[in-house]
Each structure stands twice: as structure tokens, then as C-alpha cells.
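Colleague: A single structure is presented below for examination.
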Amino acid sequence: MGEGVSETILSGSGITKSFGGLKALSDVGFDIKQGEIFGIIGPNGSGKTTLINCITGFSKPNHGHVFFKGKEITGWPPHKIAHLGITRTFQIMRPYYSLPAFKNLIIPLWSPRARKLGGWRGGGKHGDRDTVAVDILEEIGFERDSRVPYKLASTLPTGYQKRLELARCISMRPEIIFCDEVFSGLSMSEIAGMMPLIEKLKMEGVTLIMVEHRLRELFRVADRVMALQFGEKIAEGLSQDVIENKQVKEAYLGTEEV
Amino acid sequence: MEAPKTEMRRKERIDRGIKVRTEGIYALSSLREIIYLMGPRLLLIVGLLLLPLVLELVPYWKRVVNIMCVYALLALAFDFLANYVGLVCLGGAFFIGMGGYLSAIFNSYLGLPFYLSIPLATILGGVFCTVLLLPCLPLRGVYFAIVTLMYPLLMTRIIEAFDILGGTNGISGIDSFPNQYVEHYAIIIVTLLILFALRRFVNQDIGLVLRGVKDNDQSVRASGINITTMKTLAVFVSALIGCFGGAYLVHLYMWAGISLFALDFSIIPIAAVVIGGGGTLVGAVVGSFILVPLSEALRDLGTFRIVIYCAALTAFIVFKSEGIMVYLQRKYHQFERWVKV
Chain A
15 MGEGVSETIL SGSGITKSFG GLKALSDVGF DIKQGEIFGI IGPNGSGKTT LINCITGFSK
75 PNHGHVFFKG KEITGWPPHK IAHLGITRTF QIMRPYYSLP AFKNLIIPLW SPRARKLGGW
135 RGGGKHGDRD TVAVDILEEI GFERDSRVPY KLASTLPTGY QKRLELARCI SMRPEIIFCD
195 EVFSGLSMSE IAGMMPLIEK LKMEGVTLIM VEHRLRELFR VADRVMALQF GEKIAEGLSQ
255 DVIENKQVKE AYLGTEEV
Chain B
15 MEAPKTEMRR KERIDRGIKV RTEGIYALSS LREIIYLMGP RLLLIVGLLL LPLVLELVPY
75 WKRVVNIMCV YALLALAFDF LANYVGLVCL GGAFFIGMGG YLSAIFNSYL GLPFYLSIPL
135 ATILGGVFCT VLLLPCLPLR GVYFAIVTLM YPLLMTRIIE AFDILGGTNG ISGIDSFPNQ
195 YVEHYAIIIV TLLILFALRR FVNQDIGLVL RGVKDNDQSV RASGINITTM KTLAVFVSAL
255 IGCFGGAYLV HLYMWAGISL FALDFSIIPI AAVVIGGGGT LVGAVVGSFI LVPLSEALRD
315 LGTFRIVIYC AALTAFIVFK SEGIMVYLQR KYHQFERWVK V
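Just so you know, the sequences run in chain order A and B. At position 19 of the first sequence the residue is numbered 33 (the numbering used here), and the sequence of numbers has no breaks. At position 189 of the second sequence the residue is numbered 203 (the numbering used here), and the sequence of numbers has no breaks.
Below, the structure written as C-alpha cells:
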């Protein structure tokens, strides 16, 4: 962790969510510091995405509270939460298929938050959004002089679609980005291409919360990790501690009958 | 090496030189290219403006032009909501009825002239329709469609049951237009304006946000934009267009009655969009220009025309489901010319 990382930006306590009889989350609490990379891991169905949904407003928790910079945001509608600078990617990426890649970014750039904060890195408040969009895409790895940024989003390969998801978050000028499995489905070289982006975002002071199945890549970048199983928190702490945790190992590998 | 004796030539698409990277942006460098690009647009504009003059030869068909344009407006409103915002709205009859009755009230009860009653009815009707549809905006897909279909029925029953606004007899004695050219050109010019304004609107940044709502509304919400606000705006735009049609119609018929809430105004525009090609906007206009005259030509056949109507529609959906305009646009861009190598 870098210097002066101490202030809590996002915290939750007692978050519980059940779908009918199924308890997807029970009594999950967390404390995320400004500027850190926080990993959330767990086997399939352990409630990782549900937790993100509960924090970003896409589903309402049955119990519990979420605080952003000390202000309670539990149960707010998603657009209000996004307006605060809490953005997310979706696990199942669905870009705006009928629009060219760079036009996909017009939508977040048009949002009240992006307009309030003005242009993106010198784009100017009255800057042309198309230009700003292509700038952001270049930053995130779309070659400016190729045809890629101008292609329809539906024709882009998966790697670019994942980047586009991330670009959508970045163009909001966020404080927090929830990355819901941005590495899954990517080849090793595509992941290697994404890594510098993640590190760069961290350097810019953005807090990243990464839900991942690719543990090796996650542990390389994450400062702290929380592990979930069956909707309950089973471990939290520094990456190396969590990976050595007995319960976490059992959750992933299963227990041995003695 | 010597140059070849015979001139080498190959075929090239006309739009090859003028298309830039992405769809919809062109680099024009000669008059020919400008004509190539503007030709179809000018054909539509000039053709429509000349239509009432040409039809002096067959005066019976002149009224059909007006009705045709009203349906074109409704089809535009439907196409915009369905293919750019993702709301399937069967509220054509609702918009027509609202705009029509309001204009009738302004003109007949309050004595406003037509050039005030139509704009007032358009705006007020747009507001009323939007407010009434507001509770169903969070509904998606077929539910929204059903609710929009219910309102005209509701209005008809209210007017019948309480015997208000002329009851089943309707409101008669509404001012007509001063002469038939005002009558024609009022609707033709508005239709053209709305067509080109909507085309521009959907490619503006705000229009892209609306298209985003259609593609993936969750992602728009995650981008910090309230989708209900955006949908409200879109419904308002659509309602304005429809209400203008209604307000115009009562002045054309000099009468407002419950037939303004007829289902035709909801269904025929959809058929027009299917035939013309959804998502092109101009297709909606072209579709109405085919369907309405067709329906008029088949008038002698009585109810049998519905059969022909349905057969034509089925044939279109089966054989050319993309619609006429999508097909024509593709063919037009595939035109080739010979060029020297």
C-alpha cells in the first residue's frame, strides 16, 4: 500500500440478501480504503456479483448498510450511486451493440457526472465528446489510427469489449471502479495488456474492487483480498495471508475426509 | 516496360471514395458525389412538395395526401420509440385522440383560430399523454405496449359514459383551413421537418443515450443516467408528433369524435414501419405512402381489402422482413461505376 492510505472510502456492514429461500449474502461487512485495490474472491455462486449489485444499487439488500465517505447510500437507485463516482463493469458484457465503439463512450460522457466534472483530461467542458471518446479509447488500448475504435461494438473481439466496459467506467471519471471479472475469458496476452491499465488507474488514485476467478493475476495486483463462500465472508486480509488461509483453500479445493 | 495499349478499367462502388471510416460520415469532393448523396433526399422533399400540384389532375386523391402524411407522422413516432428507445408504443390512437380533442376544445369552445389551437393542442397533448404514460414507463416490452393500447379504449368509454365533449356525436363546427393549399402544405412541411429533425436528433449525443437505453438500459443506469427521465423525454417527443397529427385531423374533418381513438391509428403505423423498414425513420414515411393509398385504392372492395392488406403484410414479413428502405439503401450504396486503373 502506498503512502497515506488510511481513509475509508467505502464500507458496508451486515449486508444480507436473500432470493426466496436462498441466502445469497449473509451479514457481509467490509472496509475499503481510498486508493487501494481490493479483491473479492470465492467459488461460483458465493455471492460476489450479488454483493456488487447490492453496493451499486442494482439490487436492494434485505438488511445492512453501505456507506460512501461516511454517507449512507443503501438502497439508492443505480444512477444516483454512479453519479457519486461509484462505477461498475458487468460480468456479462453488453456494449451498445448498434453503436460504433467510440460512440459507446458518448453515453457515460453525456452523464450528469461527466458533464459536471467537465471534459476528460483537457477535453474542455465544451470539448467535442467524440474527440474525448477516441482519446479515452486510445488510452485504454484501442489503436487510434486503426479502424478498431470506429467499428460497431458488436463486431469487436472479447478483449476489446472488456476494455470498452472499463473505458465506460473511466469516462465517468470515477472514484471507485468495481471490476466484475474483467480478466475472465481473456487470453494470457490480453490479460498482460490489461495489467498496466489497472496499475495506472491505481496510480491515479482510483479505488479498484476486483471480483476475480483468475487468482494468480488478482494476487499480483491486489492489496487486500476478501473471500466469500455461500454468501459468508470466510477470510479477509493481505493477499498472501488469504491465500494461505485454510478455509479459503477448502472452499476452492474441497475438504479431505479423514 | 511499355504501358498497356488497352485502357485498364475496373468496377468501383460509387460511395467508395466518399465514405469515411464510420457510418454516416462522408467526405465530398465533387458535385457528382454531392448529387449521389443528396439525390434520394431531394427526390423525397421535392416529390412530396410537388404532390398536391400534380394531383390537381385527379382531385379525389388530394385528400389522401393529407391522411398519408398524418399516418407518416404516427409511423415516425412509432419507429422512433420502438427502434431507437426500445419502447413498443401502440399509443397512436391515444396521441391522435388527445391532440384532436384538445384542438377541438380550443377552437370550438374557446374560439381560438387554427394556427393557435393546433400548436397549443400539440404541446398540451404531448404533456398530458406523457404524464398519463409516466406510471408505465418502468414497464418493459409487451407490458408497455398493452398499457398504451388501453388508454384510447379508456378515453372512448369515459367520453361515452359521461357524455362529455359532445358524447358519441362528437364536437362539430370546428374551423377548417382557409384554403386547400394551407391544408396540404401545413402537414407536408411538418412531416418533412419532423423526419429530418428526428434523423438528426437520434445521432446527437442525447439521441445516442436514448439508443443506449434500447441496447442496454442497465449499462446506461450504471453510467449515472436516469433512464426513466430519458424514456419520458422520448415519449414526450413521440406524443408531440402524434398530437400534432390529431390536432390537424380535426381541422381537416371539421369534427372531433370518438373515432379519433380508433385502433387504426395504432395499427396502420406499425404496418407502415414493417413495410418501410424499421429503424430508418424514412422507411416509416415511405411505408405510410404505400399503405394509405393502397387502402384507398381498395376501398371499392369493402371489407375484403383487409384480406389483401393482411396478405401484403404477411408477404412483406416473410420475404422482405428488413423493409423496403433498408433494401433500397443497401442497393443504392452498391451502385458501381467504371474507373480507370
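We treat Cβ as the ideally placed atom computed from N, Cα and C, and that holds for glycine. Remember, it's a predicted structure, so these values are computed and weren't measured experimentally.
Keeping to the same chain, check which residues put their C-beta closer than 7 Å to that of residue 204 of chain B; ignore five residues upstream and five downstream.
Modeller: Residue numbering aside, residue 204 of chain B sits at position 190 when the second sequence is read from its first letter. Contacts found: 258.
Colleague: Would you mind stating whether residue 316 of chain B and residue 227 of chain B have Cβ atoms separated by less than 8 Å?
Modeller: As a first step, residue 316 of chain B is located in the second sequence; it is residue number 302 there, counting from the start. As a first step, residue 227 of chain B is located in the second sequence; it is residue number 213 there, counting from the start. It is not a contact, given that the beta carbons lie outside the stated cut-off.
Colleague: So is the beta-carbon of residue 174 of chain B under 7 Å away from any non-hydrogen atom of the ligand NAP?
Modeller: The ligand content of the structure shown is nil, which means the ligand NAP is not present either.
Colleague: Could you round the C-beta distance between residue 274 of chain B and residue 263 of chain B to whole angstroms and report it? I think they count as a contact, below 8 Å.
Modeller: For the purposes of this step, residue 274 of chain B is identified with residue 260 of the second sequence, where counting begins at 1. For the purposes of this step, residue 263 of chain B is identified with residue 249 of the second sequence, where counting begins at 1. Between residue 263 of chain B and residue 274 of chain B the Cβ distance is about 7 Å, and since that is below 8 Å, they are a contact.
Colleague: In the structure shown, what three-state DSSP assignment does residue 85 of chain A receive?
Modeller: Numbered from 1 along the first sequence, position 71 holds the residue referred to as residue 85 of chain A. Strand.
Colleague: Determine, using beta carbons only, whether residue 28 of chain A and residue 99 of chain A come nearer to each other than 8 Å.
Modeller: Position 14 of the first sequence, counted from the first residue, corresponds to residue 28 of chain A. Position 85 of the first sequence, counted from the first residue, corresponds to residue 99 of chain A. For residue 28 of chain A and residue 99 of chain A, no; Cβs fall outside 8 Å.
Colleague: Of all Cβ atoms in chain B, is any one closer than 8 Å to the Cβ of residue 266 of chain A?
Modeller: Your numbering for residue 266 of chain A matches position 252 in the first sequence. No - not a single Cβ of chain B is within 8 Å of the one on residue 266 of chain A.
Colleague: I'd like to know whether the C-beta atoms of residue 92 of chain B and residue 139 of chain B end up nearer to each other than 8 Å.
Modeller: Mapped onto the second sequence, residue 92 of chain B falls at position 78. Mapped onto the second sequence, residue 139 of chain B falls at position 125. For residue 92 of chain B and residue 139 of chain B, no; Cβs fall outside 8 Å.
Colleague: Please check the pair residue 242 of chain B and residue 152 of chain B, which I expect to be a contact at CB under 8 Å, by giving their CB distance rounded to whole angstroms.
Modeller: As a position in the second sequence, residue 242 of chain B is number 228, starting the count at 1. As a position in the second sequence, residue 152 of chain B is number 138, starting the count at 1. For a cut-off of 8 Å, the C-beta gap from residue 242 of chain B to residue 152 of chain B is around 7 Å, short enough to register as a contact.
Colleague: Does the pairing of the segment 99-116 of chain A with the segment 173-181 of chain A give three or more beta-carbon distances under 8 Å?
Modeller: Two segments are said to touch when three or more pairs of C-beta atoms, one from each, lie closer than 8 Å; by this definition the segment 99-116 of chain A touches the segment 173-181 of chain A.
Colleague: Against chain B, does residue 96 of chain A count as a neighbour if the rule is that its beta carbon must be under 8 Å from one of theirs?
Modeller: Taking the first residue of the first sequence as 1, we reach residue 96 of chain A at position 82. At least one beta carbon of chain B lies nearer than 8 Å to the beta carbon of residue 96 of chain A.
Colleague: Any idea which residues DSSP pairs residue 171 of chain B with across the strands?
Modeller: In the second sequence, counting from the first residue as 1, residue 171 of chain B sits at position 157. DSSP lists no partner for residue 171 of chain B.
Colleague: Please go through the same chain and pick out, in chain order, the residues whose beta-carbon is closer than 8 Å to the beta-carbon of residue 78 of chain B, but skip the five residues on each side of it.
Modeller: Looking up residue 78 of chain B in the second sequence gives position 64. For residue 78 of chain B, where only same-chain residues beyond five positions count, the Cβ hits under 8 Å are 306, 307, 310.
Colleague: Under DSSP, the alpha helix (DSSP H) around residue 207 of chain A begins and ends at which residues?
Modeller: One-based indexing of the first sequence puts residue 207 of chain A at position 193. First-last of the alpha helix (DSSP H) with residue 207 of chain A: 202-217.
Colleague: Where does residue 276 of chain B sit, in a helix, a strand or coil, going by DSSP?
Modeller: Sequence index remark: in the second sequence, residue 276 of chain B carries index 262 (1-based). The answer is coil: DSSP assigns residue 276 of chain B none of H, G, I, E or B.
Colleague: Mapping DSSP to helix, strand and coil, what is residue 226 of chain A?
Modeller: Sequence index remark: in the first sequence, residue 226 of chain A carries index 212 (1-based). In the structure shown, residue 226 of chain A sits in coil (DSSP, three-state: anything other than H, G, I, E or B).
Colleague: Could you give the distance in angstroms between the alpha-carbon of residue 225 of chain B and the alpha-carbon of residue 216 of chain B?
Modeller: As a first step, residue 225 of chain B must be located in the second sequence, where it is residue number 211. As a first step, residue 216 of chain B must be located in the second sequence, where it is residue number 202. C-alpha separation (whole angstroms): 8 Å.
Colleague: Could you tell me the alpha carbon to alpha carbon distance between residue 175 of chain B and residue 286 of chain B, rounded to whole angstroms?
Modeller: On the second sequence, residue 175 of chain B is found 161 positions in, with the first residue counted as 1. On the second sequence, residue 286 of chain B is found 272 positions in, with the first residue counted as 1. The alpha-carbon atoms of residue 175 of chain B and residue 286 of chain B are separated by roughly 33 Å.
Colleague: Please state whether DSSP places residue 270 of chain B in a helix, a strand or coil.
Modeller: Here residue 270 of chain B refers to the residue found at position 256 of the second sequence. Residue state for residue 270 of chain B is assigned as strand, using DSSP reduced to three classes.
Colleague: What residues in its chain sit with their C-beta under 6 Å from that of residue 248 of chain A, if we drop five residues either side in the sequence?
Modeller: For the purposes of this step, residue 248 of chain A is identified with residue 234 of the first sequence, where counting begins at 1. Around residue 248 of chain A: 241, 261.
Colleague: Round the Cβ separation of residue 96 of chain A and residue 186 of chain A to the nearest angstrom and send it over; I've been treating them as touching at under 8 Å.
Modeller: Against the first sequence, residue 96 of chain A aligns to sequence position 82. Against the first sequence, residue 186 of chain A aligns to sequence position 172. Right, the Cβ-Cβ distance comes to about 7 Å (below 8 Å), so this counts as a contact.
Colleague: If contacts are defined as beta-carbon pairs under 8 Å, then residue 106 of chain B and residue 261 of chain B qualify, I think. What distance do you get, rounded to the angstrom?
Modeller: Taking the second sequence and counting its residues from 1, one reaches residue 106 of chain B at position 92. Taking the second sequence and counting its residues from 1, one reaches residue 261 of chain B at position 247. With a Cβ gap of about 14 Å, residue 106 of chain B and residue 261 of chain B do not count as contacting.
Colleague: Does DSSP put residue 113 of chain B in a helix, in a strand, or in coil?
Modeller: The residue given as residue 113 of chain B occupies position 99 in the second sequence. DSSP places residue 113 of chain B in helix when its eight states are reduced to three.
Colleague: Report yes or no: is there a C-beta of chain B within less than 8 Å of the C-beta of residue 138 of chain A?
Modeller: Residue 138 of chain A sits at position 124 when you count from the first residue of the first sequence. Because the pLDDT at residue 138 of chain A is just 48, under 50, the model does not fix this residue reliably, and the value given afterwards should be weighed accordingly. It does not: the Cβ of residue 138 of chain A has no partner Cβ on chain B nearer than 8 Å.
Colleague: With a cut-off of 8 Å, does the C-beta of residue 95 of chain B fall near any C-beta of chain A?
Modeller: Along the second sequence, one-based indexing puts residue 95 of chain B at 81. So, not an interface residue.
Colleague: Hey, could you find the ends of the alpha helix (DSSP H) residue 231 of chain B is sitting in?
Modeller: Locating residue 231 of chain B in the second sequence gives position 217, counting from the first residue. Element bounds for residue 231 of chain B: 231-236.
Colleague: Is the distance from the Cβ of residue 299 of chain B to the Cβ of residue 118 of chain B below 8 Å?
Modeller: As a working mapping, residue 299 of chain B is identified with position 285 in the second sequence. As a working mapping, residue 118 of chain B is identified with position 104 in the second sequence. Contact flag unset, no.
Colleague: Against chain A, does residue 281 of chain B count as a neighbour if the rule is that its beta carbon must be under 8 Å from one of theirs?
Modeller: Here residue 281 of chain B corresponds to residue number 267 of the second sequence, with the count starting at 1. Not an interface residue.
Colleague: Can you tell me whether DSSP reads residue 26 of chain A as helix, strand or coil?
Modeller: The sequence position of residue 26 of chain A within the first sequence is 12, counting from 1. Looking at residue 26 of chain A - three-state DSSP - the assignment turns out to be strand.
Colleague: Which partner residues does residue 353 of chain B have in the DSSP bridge list?
Modeller: Locating residue 353 of chain B in the second sequence gives position 339, counting from the first residue. Residue pairing by DSSP places residue 353 of chain B opposite B:24 in a beta bridge.
Colleague: Residues of chain A with CB under 7 Å from residue 234 of chain B, in chain order?
Modeller: Locating residue 234 of chain B in the second sequence gives position 220, where the first residue counts as 1. Here the neighbours are 121.
Colleague: Spell out the partners DSSP gives residue 243 of chain A in its beta bridges.
Modeller: The residue you call residue 243 of chain A lines up with position 229 of the first sequence. Beta-bridge pairing links residue 243 of chain A to A:246.
Colleague: Starting from the C-beta of residue 281 of chain B, find all residues in its chain whose C-beta is less than 6 Å away, skip the five residues before and the five after it, and write them out in chain order.
Modeller: The sequence position of residue 281 of chain B within the second sequence is 267, counting from 1. Result list for residue 281 of chain B: empty, nothing under 6 Å.
Colleague: DSSP puts residue 33 of chain A in a beta bridge; with which residues?
Modeller: One-based indexing of the first sequence puts residue 33 of chain A at position 19. A:36, per the DSSP bridge assignment.
Colleague: Could you tell me whether the Cβ atoms of residue 292 of chain B and residue 337 of chain B are closer together than 8 Å?
Modeller: Counted from its first residue, the second sequence places residue 292 of chain B at position 278. Counted from its first residue, the second sequence places residue 337 of chain B at position 323. Yes, the pair counts as a contact, with Cβ atoms nearer than the cut-off.
Colleague: Return helix, strand or coil for residue 42 of chain A, following the three-state DSSP convention.
Modeller: Within the first sequence, the letter at position 28 stands for residue 42 of chain A. Looking at residue 42 of chain A - three-state DSSP - the assignment turns out to be strand.
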